[in-house]
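So the structure is just underneath, and the comments pick up after that.
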Amino acid sequence: MKQFTIMLSLMWLNIMVAQTPVTSGTDWTVSNVTANGALAKPNTMLYGPDGNLWITEREGKKLVRVNPTTGAKTEMLNLSGLVLQNASQNGLMGMAIHPDLYTDINTSTNNYVYLLYTYDATSSLGLPIAFRIARYTYNSASGAFDSGTATTIIEGIEANNDHTSGKIVIGPDLKIYWTIGDFAANRGSKACTEIRAQYLPTSPTDYSDYKGKILRLNLDGSIPSDNPELNGVISHVYAYGFRNAQGLVFGSNGRLYSSEHGDKTDDELNIIEFGKNYGWPLIAGYNDDMGYAYCNWSNYPSSCGSYSNIIDNCPEAPIEESTSAASMPNFMPPIGTYNTTLATEPTAGSSSGWPTVAPSSIDIYEGGKIPGWGTSLLIPTLKTGLIIRTKLNADGSALEDGTYEEFHSASERFRDVAIDPDGLTIYTITDNGAVIKLKFVGAPLNTTKFDTNEFSILPNPANNEIALSFGPNIKTVGIKIFDVHGRLVNEVQNLTNNQKVNTSKLSNGVYFVRLRSNDDILVTKKLVVKR
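Mapping of the sequence shown onto numbering that gives the first Met the number 0: residues 0 to 530, in sequence order.
Pasting the structure below:
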């Protein structure tokens with residue numbers, strides 16, 4: 000059985016490597032924007048509101064701007080006096096740009112960037128390293144951020160040197176979503192430390208069990224009153240049961256997508272929902288009793304110092320996933336595992352014999368110009384030098400056919416991707432410190448079929464009803480209205496132009512109105528209900 004399992008793993012790796020990457024075809028060009036070493040271990044890259052690439056340097060401790068045409072690099076903010084970086088998974092990490100800055104880069108209100116980094120909290124909290132999210136103000140005249148404008152949003156959250164996750168995004172509800180990993184507990188040198196991903200805070204001020212969670216914060220760092228009540232407590236915790244979710248992105252449909260490292264199998268692609276439990280460490284991937292069982296080495300103080308990643312060496316019988324699921328009513332399975340689920344757990348001691356790809360981030364393509372892509376997720380990986388593409392179904396609730404395309408590959412560790420608003424160009428950063436441009440040069444789709452500017456919702460903010468205007472080119476449409484947690488709250492079919500829709504049963508808040516014609520999603524727009 001051990002030999003068969005190793006063969007399965009190697010077969011999977013050969014299949015992935017043997018594919019011809021899409022970018023090697025004539026419809027794509029691949030070029031370096033910068034040379035290797037131009038960036039000091041980049042972590043997060045966003046397409047900035049000024050048309051440049053904004054990048055955090057994890058080891059360089061700087062926020063920099065790279066011109067996507069010339070490759071010129073400019074320092075925007077230097078945090079070397081604040082950031083503690085002492086391992087391969089901490090330092091200056093996540094970044095989120097306030098959406099108002101995209102609307103008007105010269106704005107004097109909400110002209111903010113939010114940065115997540117690790118710092119030395121020994122003297123203040125007795126923690127060797129902790130997380131801080133700080134807000135900085137953008138100066139449109141200088142194109143930089145004034146370090147004197149720093150506002151601490153939240154700090155004092157325990158950090159680590161491994162499985163720290165460290166991605167933040169601002170949702171359409173103007174809340175900060177933040178991934179924190181399990182700190183690599185219960186393995187290697189930390190085998191005697193218990194994984195806390197299933198433990199929940201005991202009070203709103205209890206930050207000790209934020210490990211293995213996705214948090215949701217107000218923009219000032221406080222706890223949103225509409226966060227889920229878990230174990231009788233409303234805290235920053237929005238969802239839990241994560242190993243190391245390094246990717247986080249919102250679609251225009253309001254859904255929150257995440258990519259997560261598996262252990263030896265079951266890298267996960269998730270839709271993050273309100274209050275759900277994503278299983279780790281009791282369940283990895285699906286609740287299928289395949290390829291994974293939980294060995295809690297931390298339960299065995301006399302044995303954990305002799306940790307082995309071979310499941311047969313577990314001090315006692317490991318716990319099967321179905322056993323754990325029986326007492327986990329809020330379990331949320333992934334929408335995909337990148338073909339990394341095996342029938343039995345690999346017995347190879349080295350990660351080279353495991354099918355995992357180590358997804359390092361995630362982005363969503365909604366440009367509408369690349370044939371066959373529709374709405375697709377792009378996932379850069381660390382282990383196998385791949386950028387993977389997979390297509391979502393019409394409403395974004397699942398993968399269209401469950402296949403994963405080898406979009407781009409090279410002997411690199413790809414750290415993040417960003418998508419140009421032109422709908423044709425994709426940028427990626429590597430651990431080698433380079434920015435690479437992947438450009439579609441084939442025949443783009445004709446996107447003039449429906450002008451999204453023709454669709455309007457009036458009034459917005461709304462009270463008890465809205466009128467939908469969608470121009471003369473389409474006779475009737477259907478709409479679905481979702482709340483900020485991706486839950487369907489209303490659906491109306493066969494609407495004509497300017498027909499009114501009742502919103503009196505919707506509570507105050509932010510919603511997404513998705514316009515459909517036949518089976519095509521034409522556009523999604525934000526609706527605010529305020530009475």
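Heads up, the beta-carbon is just placed ideally off N, CA and C, and yes, glycines get one too.
Counting of Cβ neighbours within 10 angstroms places Gln492 among the exposed residues, the total staying below 16. Proximity of the region 232-251 to the region 351-365 meets the contact definition, three or more beta-carbon pairs being nearer than 8 Å. Gly211 and Pro223 have their alpha carbons spaced roughly 20 Å apart. Taking 7 Å as the cut-off, the beta carbon of Glu154 is found closer than this to the beta carbon of Arg131. Assignment of beta-bridge partners to Glu319 by DSSP yields Ala292. No Cβ-Cβ contact shorter than 7 Å links Ile179 with Ala95. Contact annotation: Tyr277 and Met331 have beta-carbon atoms nearer than 7 Å. Given a length threshold of 3 residues, each whole run of the beta strand (DSSP E) inside the region 343-375 is given here in chain order: 362-364. Contact between the region 260-277 and the region 340-357 is present: 3 or more CB-CB pairs across the two stretches fall below 8 Å. For the options Gly441, Phe413, Lys436 and Ala140, the alpha carbon positioned closest to that of Gly24 is the one of Gly441.
By the CB criterion at 7 Å, Leu514 and Val527 fall outside the cutoff.
If you draw a straight line from the Cα of Gly90 to the Cα of Asn489, it comes to about 44 Å.
In this structure Thr502 is in contact with Asn463, their Cβ atoms being roughly 6 Å apart against a cut-off of 8 Å.
When DSSP assignments are scanned along the region 195-272, the uninterrupted stretches of beta strand (DSSP E) that are 3 or more residues long and fall wholly within it turn out to be 212-216, 236-239, 246-249, 255-259 and 267-271.
In this structure, Ala129 sits away from His162, with a CB-CB distance that is not shorter than 7 Å. For Asp99, the enclosing alpha helix (DSSP H) stretches over residues Pro98 to Thr102.
Taking 7 Å as the cut-off, the beta carbon of Asn35 is found no closer than this to the beta carbon of Ala466.
Under the criterion of beta carbons closer than 8 Å, Tyr209 and Val236 qualify as touching, at roughly 7 Å. Taking all protein chains shown into account, Asp172 has 16 or more neighbouring C-beta atoms within 10 Å of its C-beta and is therefore buried. Between Gly165 and Met75, the gap from beta carbon to beta carbon reaches 7 Å or more. Per DSSP, Pro171 has no beta bridge partner at all. Beyond the five residues adjoining it in sequence on each side, Leu381 comes within less than 6 Å, by CB distance, of Ala357, Ser359 and Arg412 in the same chain, given in chain order. In the displayed model, Ser305 falls within a helix according to three-state DSSP. Within 10 angstroms of the beta-carbon of Leu341 lie 16 or more other beta-carbons, which makes it buried. Collapsing the DSSP output to three states places Leu444 in coil. Residue pairing of Leu91 in beta bridges, as defined by DSSP: Tyr116. The Cβ-Cβ distance between Gly240 and Ala196 falls below 7 Å.
Excluding five sequence positions before and after Ile309, the CB atoms of its chain that fall closer than 8 Å to its own CB belong to Thr346 and Gly348, given in chain order.
The region 118-146 is shown to contain whole beta strand (DSSP E) runs of 3 or more residues at 126-138, in chain order.
A direct Cα-Cα distance of roughly 15 Å separates Thr43 from Ile386.
Sorting Leu457, Leu444, Asn445 and His407 by C-alpha distance to the C-alpha of Ile435 places His407 at the top. In the structure shown, Thr19 adopts coil according to DSSP, grouped into three states.
In the structure shown, Ser455 falls within a strand segment according to DSSP collapsed to helix, strand and coil. Glu315 sits exposed, since fewer than 16 C-beta atoms from the chains shown fall within 10 Å of its C-beta. Counting the other CB atoms within 10 Å of its CB gives Lys474 a total below 16, which places it among the exposed residues.
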